[in-house]
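Just so we're aligned, residue 16 is where the sequence shown starts under my numbering, counting upward by one.
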Amino acid sequence: MADLVRPETVLQDNDDPTEQSILTRMARFRKNPFNFAHEIALFVRGVGWRSYDHVVGQPVFYPGYTANIKSAVMASPLLRRKVVELTEARLAIEEQESYLDETSPTYLSDREKRRHEITSQVLEITSDMVDTMMCKMESKPYIRSAFYVTTQLLTRAYSAIHVSEAEVKRLREVATQAAKKNQSIVFLPRHTSHIDYVTLHLICYRLGLTLPVVVAGDNLNFPLVGNFLQSCGAMWIRRSFNDDQLYGTVVQAYLDTLLQKGYNLECFIEGTRSRTGKLLGPRFGFLSFLLDSVLSGRTDDAYICPVSLQYDKVIEVDSYVNELLGKPKQKENLAGFLSSSSVLSLNLGRVDCRFHEPWSLKQFIKEQTQRRDQPGYEDLSSSATDSGTRIRLLRTLGYKVLSDINAASVIMPTALVGTVLLTLRGRGVGKSELVRRVDWLCARTRANGGKVADFHGMPTSYVVERALEVLGPKMVGTIDGLAEETYYAVDRFQLSFYRNMTIHLFISESLIAASLYTKVKQGGGSANQRMKETELTSKVTFLSQLFRGEFIFPAGQGLRHNLEAAVQGLLRDDVLSVTEDDERMIGLSDAERKLGRENFDFYCFLIWPFVDAAWLGAVSLLVLVPPRNSTITWLDMQKAQNTAQLGGRTLYHQGDLSYFEAVNKEALKNAYSRFQEEGIILVSKSKDSKTPTMVRLAPEWTPERDATSGELKASGRLWDFIESIALHRREGKNRRDGAAVSTRVLSLAAKLNKQMFEEAESSAVEGVQATVKERRRRSKL
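Laid out in structure tokens, this is it:
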């Protein structure tokens with residue numbers, strides 16, 4: 016594209032030979048003061064693309080923008096109706112409580128006067144809500160200065176931001192069409208880092224697109240930084256509405272206004288940054304507002320644009336690991352922001368931004384309703400109140416966006432190297448073997464429809480060296496004095512963040528490998544290690560249900576189609592073979608056995624940490640079993656999960672848990688969510704945020720205790736479930752399946768169980784004493 020900056024040598028996708036960088040390092044004063052002064056002058060004068068004139072889309076950054084938008088929001092019929100509704104509800108309460116005397120001769124005039132007073136108060140509250148919430152894109156010189164400052168800061172950490180020229184061209188064409196129809200583009204990116212906010216805005220600014228209004232959590236609205244972000248396009252939204260009807264309507268009215276006027280929007284579909292490197296499940300709050308706006312007809316249509324943002328290295332990974340291991344998340348503030356900015360002097364590689372082809376939300380709704388034999392879109396508004404239909408539509412929308420993000424993603428060199436290092440047996444790997452396996456992984460990624468970033472015809476060894484340099488010695492170590500350069504994973508937990516960026520491409524193959532492993536680990540000849548196709552399907556189905564909330568599975572055709580496609584791929588790659596005797600049998604091929612199972616093991620190593628995490632989650636449920644004669648059945652969910660982490664750390668160091676990364680908060684939360692969906696546990700959540708969420712085992716899943724000793728029995732529905740997961744776990748020199756493991760696990764569970772319930776009983780006694788004390792204090796008053 017003509018208006019892009021001069022491209023440097025860039026990491027380029029083999030499928031897209033037109034990739035370019037839209038951000039290069041700017042002149043530094045110490046190195047070249049004349050060029051530095053020239054660039055400053057261009058920004059101040061607003062010359063060329065730096066002026067941000069003639070943008071594609073609706074006008075922003077002009078005096079009066081905020082007042083115009085606020086006026087439109089306050090005039091929203093939806094908001095006006097809610098104000099009237101709340102006013103009448105308050106009047107009814109006051110009449111019921113006899114604040115208004117119906118027998119008074121001035122009753123009607125008093126009632127009308129009171130109505131106006133209440134309406135004025137509600138409108139005043141509404142106005143304050145809108146002021147606090149809305150973005151304030153008023154000044155073009157301000158945004159030019161902000162662009163210059165953020166570019167200077169960002170290029171101290173990352174060498175460039177790369178985009179596909181073909182995708183950018185397509186995006187500009189869609190933006191042109193949307194502008195003509197007064198429709199919005201809704202950018203829905205994945206959320207990996209706080210840098211995401213900056214990156215997408217810089218790209219839109221650089222390409223001359225109307226900057227999107229970013230739906231951001233109000234936890235980022237702290238002094239100075241909050242005002243800066245709000246002036247660049249951030250709108251603040253509460254993390255929880257707490258059944259505040261007025262606030263929810265204000266959010267809907269504001270978003271309706273932006274959509275009706277054709278302003279672009281941006282919202283992170285996962286709701287929070289992914290601490291694990293893989294996509295999280297969708298959050299449906301924003302999508303619900305968006306869907307409601309189109310379903311109701313208040314907005315005609317909007318374009319959905321899923322966006323993938325990938326980094327060679329993510330700034331916050333250190334803090335992510337701490338959070339996953341149970342340390343509380345630090346509240347955002349200016350001091351923390353400034354301290355984290357110290358990493359901006361590091362070389363963290365590059366950023367890749369990929370745009371999926373935008374699609375019409377209106378057309379999506381129409382296709383989904385026709386697929387379910389529902390009336391056409393023109394009749395859909397009448398069924399919008401059907402909560403079941405709406406929820407299904409909302410879920411389908413959320414998972415389609417995530418699937419599109421995965422489809423658009425580019426696998427970075429650090430992800431390739433991290434994946435290989437964590438899927439090889441042994442202490443370390445020689446450089447030649449590392450390069451060979453990276454080559455293999457690149458080929459498998461492309462075969463599965465993924466995109467790999469590599470250098471313009473540069474050898475794979477160069478890609479590997481670059482990735483090792485970015486990862487640094489804190490994650491990948493090397494041993495001096497050997498016959499060949501040898502590398503090993505220093506911090507496997509951190510490195511798993513980058514490995515998880517590739518797992519979505521191989522999830523079906525990994526589930527098949529883990530299922531077949533239940534036979535392979537039994538040993539014996541090749542015939543003994545084969546599995547009936549029906550049994551394999553059953554085991555894969557079990558695992559896919561277990562990990563339904565953990566992974567974003569390929570969209571479209573369903574489990575059976577994905578399974579068949581993956582099996583065919585493994586057959587083509589000569590990893591598996593099929594024999595047709597009395598029944599179709601699947602096992603490892605002779606070629607794979609000669610290779611030492613390296614490819615089969617690759618898929619197993621990808622999924623085993625997650626199998627361990629699910630097993631740990633299931634084992635931790637034993638801690639919830641009430642002791643005999645206990646009056647307590649409900650336990651604090653957070654304390655239960657903290658106890659599970661403690662148990663996991665213990666099992667890891669005792670050798671009964673193979674992967675330390677399985678001891679992470681996100682995996683346990685996902686496991687407990689699945690257990691709740693399956694009815695294994697019951698969860699009680701209060702509307703009061705100060706009241707902890709409580710959990711207990713469902714009665715039909717509660718194991719029995721020995722009548723004499725009171726110890727838990729290694730039997731029952733829950734134990735069978737634990738054993739079903741354990742079948743797929745990795746065996747090695749540190750652990751074996753069997754009675755010894757069962758005994759140690761039950762012993763540890765019993766110890767933690769006793770501690771949990773003693774603490775719960777102690778807290779209950781303290782609570783009763785505090786209640787009695789408070790009653791006595793009140794009685795004296």
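Every residue gets a Cβ at the ideal spot worked out from N, C-alpha and C, and that includes glycine.
What's the C-alpha gap between residue i and residue j?
| i | j | result |
| --- | --- | --- |
| E776 | P642 | 11 angstroms |
| N685 | P297 | 13 angstroms |
| S739 | D211 | 40 angstroms |
| A713 | R612 | 41 angstroms |
| S704 | L650 | 16 angstroms |
| D143 | Q245 | 15 angstroms |
| A249 | L222 | 19 angstroms |
| V416 | L574 | 19 angstroms |
| T137 | L101 | In the sequence as displayed, the identity of residue 137 is Val instead of Thr. For V137 and L101, the distance between alpha carbons rounds to 8 angstroms. |
| N242 | P74 | 21 angstroms |
| Y503 | T434 | 12 angstroms |
| K489 | E565 | 28 angstroms |
| Y67 | S699 | 52 angstroms |
| A175 | A52 | 22 angstroms |
| Q35 | Q669 | 51 angstroms |
| T291 | N234 | 21 angstroms |
| I518 | L431 | 11 angstroms |
| G602 | M546 | 6 angstroms |
| V593 | V228 | 54 angstroms |
| A785 | S794 | 14 angstroms |
Below 8 angstroms on the Cβ atoms is my guess for residue i versus residue j; work out the distance and round it to an integer in Å.
| i | j | result |
| --- | --- | --- |
| A655 | L639 | 6 angstroms |
| Q325 | S424 | 6 angstroms |
| L510 | L437 | 6 angstroms |
| Y318 | V201 | 7 angstroms |
| V213 | L169 | 6 angstroms |
| V71 | A190 | 4 angstroms |
| G341 | Q660 | 5 angstroms |
| R461 | H177 | No, R461 and H177 are not in contact; Cβ-Cβ is about 18 angstroms, not under 8 angstroms. |
| G277 | A194 | 7 angstroms |
| L2 | C320 | Only positions 16 to 796 of the chain appear in the structure, and residue 2 is not among them; the question remains open. |
| L551 | L531 | 7 angstroms |
Let me confirm a value: residue i is counted as buried when at least 16 other C-beta atoms fall within 10 Å, else exposed. Which label applies?
| i | result |
| --- | --- |
| Y77 | exposed |
| N543 | exposed |
| K293 | buried |
| A528 | buried |
| T400 | Because T400 carries a pLDDT of 49, less than 50, the predicted location of this residue cannot be relied on, and the following value inherits that uncertainty. Counting Cβ neighbours within 10 Å, T400 comes out exposed, since fewer than 16 surround it. |
| L497 | exposed |
| N197 | exposed |
| T708 | exposed |
| T758 | exposed |
| I406 | exposed |
| E579 | exposed |
| Q267 | buried |
Which residues bound the alpha helix (DSSP H) around residue i?
| i | result |
| --- | --- |
| L591 | Here L591 belongs to no alpha helix (DSSP H); instead the beta strand (DSSP E) covers L591 to E595. |
| L449 | K446 to A462 |
| L363 | Premise fails: L363 is in no alpha helix (DSSP H) and is neither H nor E. |
| V266 | Q260 to K276 |
| H216 | I210 to L222 |
| G292 | From DSSP, G292 is part of no alpha helix (DSSP H); its letter is neither H nor E. |
| K342 | Run containing K342: none; DSSP gives neither H nor E here. |
Tell me the residue span of the beta strand (DSSP E) that contains residue i.
| i | result |
| --- | --- |
| A249 | A249 to I252 |
| T501 | T501 to A504 |
| D367 | V366 to F370 |
| I696 | I696 to S699 |
| F202 | S199 to P204 |
| Y318 | A317 to Y326 |
| V178 | I176 to S179 |
Can you name the residues that DSSP bridges to residue i?
| i | result |
| --- | --- |
| V467 | I426 |
| T493 | Y502 |
| E607 | Partner(s): none; E607 has no beta bridge. |
| R711 | L697 |
| E281 | F202 and V229 |
| K654 | Per DSSP, none; premise fails for K654. |
| S375 | Y318 |
For a test of your reading of the model: does the CB of residue i fall under 7 angstroms from any non-hydrogen atom of the ligand FMN? Yes or no.
| i | result |
| --- | --- |
| I527 | The ligand FMN is absent from the structure shown, which contains no ligand whatsoever. |
Is the Cβ of residue i closer than 8 angstroms to any Cβ of chain C?
| i | result |
| --- | --- |
| L340 | As a matter of chain content, chain C is missing from the structure shown, which is built from one protein chain. |
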